[in-house]
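Protein chains in written order, with the working numbering: chain B, 944 to 1028; chain R, 4 to 418.
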């Protein structure tokens, strides 16, 4: 249960700041995510924050997620971007 | 830095504090928020005027929990504030459940958070440079707050460089240090007698240093700081004198070059085992450099030697494109065989040679036109030498005029 709680919290955090789809934050949507998307989101956050990009929810990453911060998304426009030809 | 994609079309912006925090004095809040705006107006021609009523560009509110925009605050800690980009109106909201503080180590510093939020209001997104104000994480109260180069470049990319003084007339726009009357007390007679320099660079915390022979000086707005010169080897243990070139990169580390070697420092502490060979750490860059800088136009590293220059991009493989070196004459108005080069804290690029210097305009891509014209005396304008000439001085600048076609010859940006 604690592990699930931490993962869930991190998932909400990553969605709040633009690393995962905002639908993750909607409690009424039973969100299922494949492992690669999850790891990619963590790695992107770690990379942006200057941490080692392990793709794992390690202690350093959790500590950074607990810091006070600005509420504006780090990645603006999740899901709205178009791939460049 | 990262730009969101929108900006204000006007430079004279108004703001209103519609809802004050519950635990701070209103006058103090007014002062702190004005200070926070001035962080950005110090480096651009933006102005910010507070209004008490009526329509404004940026509305500021201190709110708790859900406050009508669908993005509720979460109580103490966590999210401190949020702001909207210009395209969404520029408003800034602060979580009133935070313990906002002024000039104190306790609580959350209002000035710093506000300066960050106003960066969003002006069009800046979060930066991945840790030391930048626009990094997303609150870093604690810093009494000696200074805007990071990354932030300066970001805001100037949106609104251009500052051209006017806040009060009174114009200063030699956009000049190097804001020196109008060099103070005699800030002179170094030996340096003024021979103002040739080996290298000049900014440290990560924004201080500017001049290296010459075995000694160095810290520059102030009036010339050189008291207590200098000092020995390079004493302040940067492991580093030798007669340095060829130096720059501080956006990772906050300072690199020094001499002959075939280079050193990396974190502040004044060597950052690993140095010296190393330039050919290993900076593949494609020659030995015995004249100068180096991080150019404000694109954030890439430029190396200069003789009549040529090289562009180095650590993120690319290879870091130096096969089209380099290119002729230094592409930097219109800058002479060959320069002594030193610097991207100063005002965002402009300066080249030094034989006691003279040139200010480069990244927009026109040529030496800036100003009165007095460049080259000017390094002694008067940078080192505080009161007896040095204030006007244009001799220099062997080569003014080569050529039209830029669509393939710029300096970097992959469009002029």
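For glycine and all other residues, C-beta sits at the position ideal for the given N, C-alpha and C. Keep in mind it's a predicted model, so treat the numbers as computed, not measured.
Would residue i pass as a contact of residue j if the rule is Cβ separation under 7 Å?
i	j	result
residue 359 of chain R	residue 378 of chain R	yes
residue 157 of chain R	residue 125 of chain R	no
residue 101 of chain R	residue 111 of chain R	yes
residue 307 of chain R	residue 341 of chain R	yes
residue 381 of chain R	residue 198 of chain R	yes
residue 51 of chain R	residue 16 of chain R	yes
residue 953 of chain B	residue 1000 of chain B	yes
residue 226 of chain R	residue 387 of chain R	yes
residue 337 of chain R	residue 313 of chain R	no
residue 1012 of chain B	residue 141 of chain R	yes
residue 252 of chain R	residue 153 of chain R	no
residue 239 of chain R	residue 268 of chain R	yes
residue 984 of chain B	residue 996 of chain B	no
residue 53 of chain R	residue 18 of chain R	yes
residue 283 of chain R	residue 263 of chain R	no
residue 42 of chain R	residue 147 of chain R	no
residue 343 of chain R	residue 200 of chain R	yes
Note down the Cα distance separating residue i from residue j, rounded to an integer number of angstroms.
i	j	result
residue 319 of chain R	residue 32 of chain R	46 Å
residue 347 of chain R	residue 372 of chain R	18 Å
residue 95 of chain R	residue 20 of chain R	9 Å
residue 222 of chain R	residue 190 of chain R	11 Å
residue 194 of chain R	residue 357 of chain R	13 Å
residue 992 of chain B	residue 203 of chain R	31 Å
residue 143 of chain R	residue 137 of chain R	14 Å
residue 219 of chain R	residue 295 of chain R	17 Å
residue 951 of chain B	residue 958 of chain B	11 Å
residue 369 of chain R	residue 335 of chain R	5 Å
residue 432 of chain R	residue 1008 of chain B	The structure shown has nothing for residue 432 of chain R, since chain R only spans 4 to 418.
residue 998 of chain B	residue 70 of chain R	35 Å
residue 315 of chain R	residue 34 of chain R	43 Å
residue 241 of chain R	residue 217 of chain R	13 Å
residue 961 of chain B	residue 990 of chain B	14 Å
residue 955 of chain B	residue 139 of chain R	17 Å
residue 354 of chain R	residue 97 of chain R	44 Å
residue 173 of chain R	residue 166 of chain R	In this predicted model, residue 173 of chain R has a pLDDT of only 29, less than 50, meaning its place in the structure is not dependable; the value taken from the coordinates is given anyway. Those two C-alpha atoms are separated by around 7 Å.
residue 350 of chain R	residue 365 of chain R	9 Å
residue 65 of chain R	residue 24 of chain R	5 Å
residue 305 of chain R	residue 79 of chain R	46 Å
residue 231 of chain R	residue 375 of chain R	29 Å
residue 77 of chain R	residue 286 of chain R	49 Å
residue 310 of chain R	residue 135 of chain R	35 Å
residue 228 of chain R	residue 276 of chain R	31 Å
residue 245 of chain R	residue 40 of chain R	42 Å
residue 86 of chain R	residue 1006 of chain B	24 Å
residue 11 of chain R	residue 292 of chain R	42 Å
residue 162 of chain R	residue 14 of chain R	8 Å
residue 105 of chain R	residue 36 of chain R	11 Å
residue 38 of chain R	residue 211 of chain R	24 Å
residue 1015 of chain B	residue 339 of chain R	47 Å
For residue i, is the classification buried or exposed, using 16 other Cβ atoms within 10 angstroms of its Cβ as the cut-off for buried?
i	result
residue 1010 of chain B	exposed
residue 271 of chain R	exposed
residue 178 of chain R	Note that residue 178 of chain R scores 33 on pLDDT, short of 50, meaning its location in the model is unreliable and no value can be drawn from it.
residue 247 of chain R	buried
residue 82 of chain R	buried
residue 91 of chain R	exposed
residue 257 of chain R	buried
residue 185 of chain R	Because the pLDDT of residue 185 of chain R is 33, which lies under 50, any placement of that residue in the model is unreliable, and the number read from its coordinates should be weighed accordingly. Its Cβ being crowded by 16 or more others within 10 Å, residue 185 of chain R is buried.
residue 130 of chain R	buried
residue 196 of chain R	exposed
residue 150 of chain R	buried
residue 1004 of chain B	buried
residue 261 of chain R	buried
residue 8 of chain R	exposed
residue 115 of chain R	buried
residue 278 of chain R	buried
residue 352 of chain R	buried
residue 345 of chain R	buried
residue 963 of chain B	buried
residue 62 of chain R	buried
Residues, ordered as in the chain, of the stretch 106-138 of chain R that lie near chain B by beta-carbon distance below 8 Å: 111, 116, 119, 120, 123, 128, 129, 131 and 133
Residues of the stretch 79-90 of chain R whose Cβ lies closer than 7 Å to any Cβ of chain B, in chain order: 80, 81, 82, 83, 84, 85 and 86
Residues in the stretch 141-157 of chain R having any Cβ partner in chain B nearer than 8 Å: 141
Members of the stretch 986-1000 of chain B near chain R, C-beta cut-off 8 Å: 990, 991, 992 and 993
Ranges of the alpha helix (DSSP H) found wholly within the stretch 60-126 of chain R, counting only runs of at least 4: 113-125
Against chain R: residues of the stretch 955-970 of chain B by CB proximity under 7 Å: none
Positions along the stretch 48-76 of chain R whose CB lies within less than 9 Å of some CB in chain B: 74 and 76
Ranges of the alpha helix (DSSP H) found wholly within the stretch 245-322 of chain R, counting only runs of at least 4: 281-284
The stretch 1000-1014 of chain B: positions lying closer than 9 Å to chain R by Cβ: The residues in question are 1007, 1009, 1010, 1011, 1012, 1013 and 1014.
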